[in-house]
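Listed in order, the protein sequences are those of chains A and B. According to the working numbering, the first sequence is numbered sequentially starting from 2. According to the working numbering, the second sequence is numbered sequentially starting from 3.
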Amino acid sequence: AQKVTQAQTEISVVEKEDVTLDCVYETRDTTYYLFWYKQPPSGELVFLIRRNSFDEQNEISGRYSWNFQKSTSSFNFTITASQVVDSAVYFCALTRGAQKLVFGQGTRLTINP
Amino acid sequence: EPEVTQTPSHQVTQMGQEVILRCVPISNHLYFYWYRQILGQKVEFLVSFYNNEISEKSEIFDDQFSVERPDGSNFTLKIRSTKLEDSAMYFCASSEGTTGRGDEQYFGPGTRLTVT
């Protein structure tokens with residue numbers, strides 16, 4: 002069975018600090034896909050990134066970066082120089098493919114001015 | 003940019019009533035999904051739909067639930083006899099299915115269902 006664990010329920014930091022959101026996953030599949038979604042207070046789910054199991058290259062997109070390590074089954078998300086607009090709930094998710102997404106419990110991130 | 007739309011944005015219904023939640027997936031997408039999120043909790047998979055049939059469903063998706071693609075554009079979720087515990091945000095999602103596995107699922111804005 003697939004499982005995603007986001008151990009950090011809530012994180013609160015001051016603006017401009019760097020913050021890392023942890024994601025640990027479990028799967029028996031050799032091919033799988035990992036995602037991060039952002040859910041702002043308005044409630045919609047906003048896609049941030051997809052990573053397949055064969056691509057362990059870290060990715061950077063502006064202030065966002067992702068660290069995928071198969072050895073530790075982790076797919077962590079770092080926001081550099083956080084801003085108030087980054088305040089949201091962030092979900093990590095896992096899928097085998099064109100199938101259901103299995104979500105973690107989410108991490109509520111609050112950026113204080 | 004194409005987007006998934008859902009109607010209504012908020013539905014209030016009495017326990018025992020039937021509700022139909024509507025979704026218009028992105029037009030060239032082949033896979034459709036329903037998820038729900040009880041307030042403050044994680045997003046949970048309900049059902050996936052491909053080639054006009056259910057491809058997978060979760061334990062939550064019992065006989066009270068059904069899905070339909072009545073025409074070429076709409077994708078609906080019906081709850082036959084709502085319970086208080088069905089109160090949640092329901093998200094529709096769609097994905098291309100043409101680039102192989104691991105397509106990004108595009109989510110609609112959600113329908114907040116309140117059962118009183």
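Yeah, the Cβ is synthetic: ideal placement off N, Cα and C, and Gly gets one too. Computed from a predicted model, the values in this text were never measured in an experiment.
{"Asked": "Quick one: what does DSSP say B:GLU70 is sitting in, helix, strand or coil?", "Found": "strand"}
{"Asked": "Run the CB neighbour count on B:MET91, radius 10 Å, all protein chains shown included, and call it buried at 16 or more, exposed below.", "Found": "buried"}
{"Asked": "Which chain A residues are close to B:GLN107, counting only those with a beta carbon under 7 Å from its beta carbon?", "Found": "LEU102"}
{"Asked": "For A:TYR38 and A:ARG51, which I take to be in contact (beta-carbon distance under 8 Å), what is that distance rounded to the nearest angstrom?", "Found": "Between A:ARG51 and A:TYR38 the Cβ distance is about 10 Å, and since that is not below 8 Å, they are no contact."}
{"Asked": "Going straight from the alpha carbon of A:PRO114 to that of A:SER88, what length do you get?", "Found": "11 Å"}
{"Asked": "Helix, strand or coil, according to DSSP, for B:SER29 in the structure here?", "Found": "coil"}
{"Asked": "For B:TYR35, collect the residues of the same chain with a Cβ closer than 6 Å to its Cβ; drop the 5 residues on either side in sequence, then sort them by chain order.", "Found": "SER50, ALA95"}
{"Asked": "Once DSSP output is grouped into helix, strand and coil, what is the label at A:THR73?", "Found": "helix"}
{"Asked": "For a contact defined as C-beta to C-beta under 7 Å, what are the partners of A:GLN106 on chain B?", "Found": "LYS44"}
{"Asked": "Beta-carbon separation of A:ILE80 and A:VAL20 under 8 Å?", "Found": "yes"}
{"Asked": "Can you tell me whether B:VAL45 is helix, strand or coil according to DSSP?", "Found": "coil"}
{"Asked": "From the DSSP output, which residues share a beta bridge with B:LYS59?", "Found": "B:VAL49"}
{"Asked": "Going along the chain, which residues of its own chain have a beta-carbon closer than 6 Å to the beta-carbon of B:ARG82, five neighbours each way excluded?", "Found": "GLU20, GLN66"}
{"Asked": "Return yes when the Cβ of A:VAL103 is within less than 8 Å of the Cβ of A:LYS17, no when it is not.", "Found": "no"}
{"Asked": "Interface residues of chain B around A:PHE69 at Cβ under 8 Å?", "Found": "Correct list: empty, because the minimum Cβ distance to chain B is about 14 Å."}
{"Asked": "Starting from the Cα of B:GLU61, find the closest Cα among B:ARG38, B:PRO72, B:THR116, B:GLN43 and give me that residue.", "Found": "B:ARG38"}
{"Asked": "What are the boundary residues of the beta strand (DSSP E) that includes B:SER96?", "Found": "90-97"}
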